[in-house]
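Notes follow the structure.
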Amino acid sequence: MRTDSKPILVNLYMAWFMFCCSNVCIVSLYLLIYLKYSPVNIKNIKVGSVYQWCTCGLSKTQPWCDNTHIGTGFKPLKWIAPGTKKDGKPQQIYSICACKYTTDPPYCDASHIHLPMQYIKAQRECIKDHANIKKMCTACGFKASELKANEPSGST
1 MRTDSKPILV
11 NLYMAWFMFC
21 CSNVCIVSLY
31 LLIYLKYSPV
41 NIKNIKVGSV
51 YQWCTCGLSK
61 TQPWCDNTHI
71 GTGFKPLKWI
81 APGTKKDGKP
91 QQIYSICACK
101 YTTDPPYCDA
111 SHIHLPMQYI
121 KAQRECIKDH
131 ANIKKMCTAC
141 GFKASELKAN
151 EPSGST
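So, in C-alpha cells, the structure goes:
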C-alpha cells in the first residue's frame, strides 16, 4: 500500500481543455497527459495556501506542477485553497482532478468517466510518427516514455 499521496502517471489523451487563469477562462486545443480515471483526494490543505495545479499531466508531483510543462504550451493553474462555502473553516478533503479534463479546475467533475475509449481511439488514429516525439504528441497525446516502455529490451 502506498503511503504517499502522489498518483502514478499511466497514460495520455487529447481533447479540448478548459482552464482558468486569473479569472479568465481560456479554451485551448492542446493534448493532455491523462493520469488516472479518478480524482486525487488531498487532505490537510491549509486555507489560503497557494498551489500550482498541473494542467499538462507531465508533472511527477501530481496533481501539482513541477515545471515539466516547459516547451509544451501548457501553463499551471494557480489555485488558492478556499475555506468551505458554509462557514469558511478548513475543508477536510479536496477531490482534485487527475485526468486534467475537468470543466471546474482543479476540482474533479467526473469527466474521466468517458475518457478511456476516447484516449485509445485518438492514439490509434494518430498520423504522427511517435518515434521522434521528445515529450508528447501534439496530435493525440502520446507520451514519449510510453514508446520507450513498450520497446523490446533486446535481451532474450
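So for the sequence shown, full-length UniProt numbering puts the first residue at 1; every next one is plus one. Built from N, CA and C at the ideal position, the CB exists for glycine as well.
In whole angstroms, what separates the C-alpha of residue i from that of residue j?
| i | j | result |
| --- | --- | --- |
| Cys25 | Pro82 | Caution applies to Cys25, whose pLDDT of 32 falls short of 50 and renders its modelled position unreliable; the model cannot decide the point. |
| Tyr51 | Ile133 | 30 angstroms |
| Gln92 | Met136 | 35 angstroms |
| Thr138 | Cys65 | 20 angstroms |
| Cys108 | Cys99 | 8 angstroms |
| Cys140 | Leu115 | 13 angstroms |
| Lys143 | Leu58 | 9 angstroms |
| Val47 | Lys36 | 26 angstroms |
| Pro90 | Ser145 | 38 angstroms |
| Ala110 | Ile80 | 21 angstroms |
| Thr84 | Ile45 | 12 angstroms |
| Ser38 | His69 | 22 angstroms |
| Thr103 | Asp129 | 31 angstroms |
| Thr61 | Ser49 | 17 angstroms |
If you run the structure through DSSP and keep just helix, strand and coil, what is residue i?
| i | result |
| --- | --- |
| Lys128 | coil |
| Leu58 | coil |
| Ile70 | coil |
| Ser38 | coil |
| Lys75 | coil |
| Lys121 | helix |
| residue 158 | Limits of the chain in this structure are 1 at one end and 156 at the other, which puts residue 158 out of reach. |
| Ile80 | strand |
Is it the case that the CB of residue i approaches a heavy atom of the ligand GDP more closely than 7 angstroms?
| i | result |
| --- | --- |
| Lys128 | Annotation note on the ligand GDP: not contained in the displayed structure, which lists no ligands. |
Are the CB atoms of residue j and residue i within a distance shorter than 8 angstroms?
| i | j | result |
| --- | --- | --- |
| Pro106 | Ile96 | yes |
| Cys54 | Pro63 | yes |
| Tyr101 | Ile42 | no |
At which residues does the beta strand (DSSP E) containing residue i begin and terminate?
| i | result |
| --- | --- |
| Ile93 | Ile93 to Ile96 |
| Trp53 | Val50 to Trp53 |
- the segment 107–125 / the segment 63–77 touching (three or more Cβ pairs under 8 angstroms): Touching, no.
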